[in-house]
Amino acid sequence: MEHVSNNNGVSLVELKKRSLIPEKWEAQVRAIGISEYKEAGLSLAQAFATDGLAQYLLDADDMVGYDDEAKWRLHVDIFNYIVAAHCYKGIVTTIGPDYEGVALWFNKDYVV
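If you count the sequence shown from 1, position 110 lands on 112 in my numbering, and the numbers rise without skipping.
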């Protein structure tokens, strides 16, 4: 809590909200491990939800019987697996407390 007063003799109390999210996460890139792969995967799935290639993969002939929720779950699973693979064999970085930006890196010599 911070007290602020002005020239009129009136005291104002300004409440500073405390957050459990580390402040450095707001503006600093950080590497994440496998314990955060689902959050990063969901962020990427949301970012690519309207992507033409993602829709092409999920609208294939063998997906006709699946409803939109099943296709969404598969879309999220695909990104979860991609992020997990990068956590194990590469580097995953993110910025922001809600994984606003996610980058996936493999070593140039890594062969899938």
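We put the beta carbon where it would ideally sit given N, CA and C, even for glycine.
Between the C-alpha atoms of residue 72 and residue 31, what's the straight-line distance to the nearest angstrom?
Residue 72 sits at position 70 when you count from the first residue of the sequence shown. Residue 31 sits at position 29 when you count from the first residue of the sequence shown. If I take the Cα positions, the gap works out to 33 Å.
In terms of alpha-carbon separation, which member of 99, 75, 92, 109 lies closest to residue 36?
As a working note, residue 36 is residue 34 in the sequence shown. Among 99, 75, 92, 109, the Cα nearest to that of residue 36 is on 92.
Going by DSSP, name the residue or residues bridged to residue 32.
Within the sequence shown, numbered from 1, the residue matching residue 32 stands at position 30. In the DSSP output, where bridge partners are listed per residue, residue 32 has 96.
Just checking my contact of residue 34 with residue 94 at CB under 8 Å: how many whole Å lie between their CB atoms?
For this step, residue 34 is matched to residue 32 along the sequence shown. For this step, residue 94 is matched to residue 92 along the sequence shown. Right, their Cβ atoms sit about 5 Å apart.
Confirm, please, whether the CB-CB distance from residue 104 to residue 46 is below 9 Å.
What you label residue 46 is simply residue 44 of the sequence shown in a count that begins at 1. What you label residue 104 is simply residue 102 of the sequence shown in a count that begins at 1. Yes, Cβ-Cβ distance for residue 46 and residue 104 is below 9 Å.
In whole angstroms, what is the alpha-carbon distance linking residue 76 and residue 28?
On the sequence shown, position 74 is the one that residue 76 refers to. On the sequence shown, position 26 is the one that residue 28 refers to. Between residue 76 and residue 28, the C-alpha separation is close to 30 Å.
Residue of 84, 109, 108 minimising C-alpha distance to residue 38
Working through the sequence shown from its first residue, we reach residue 38 at position 36. Residue 84 is the option with its Cα nearest to residue 38.
Considering just the uninterrupted stretch of the alpha helix (DSSP H) at residue 67, what are its terminal residues?
Within the sequence shown, numbered from 1, the residue matching residue 67 stands at position 65. Neither: residue 67 is in no alpha helix (DSSP H) and is coded neither H nor E.
Measuring alpha carbon to alpha carbon, tell me which of 52, 44, 87 ends up nearest residue 102.
Looking up residue 102 in the sequence shown gives position 100. Here the closest residue by C-alpha is 44.
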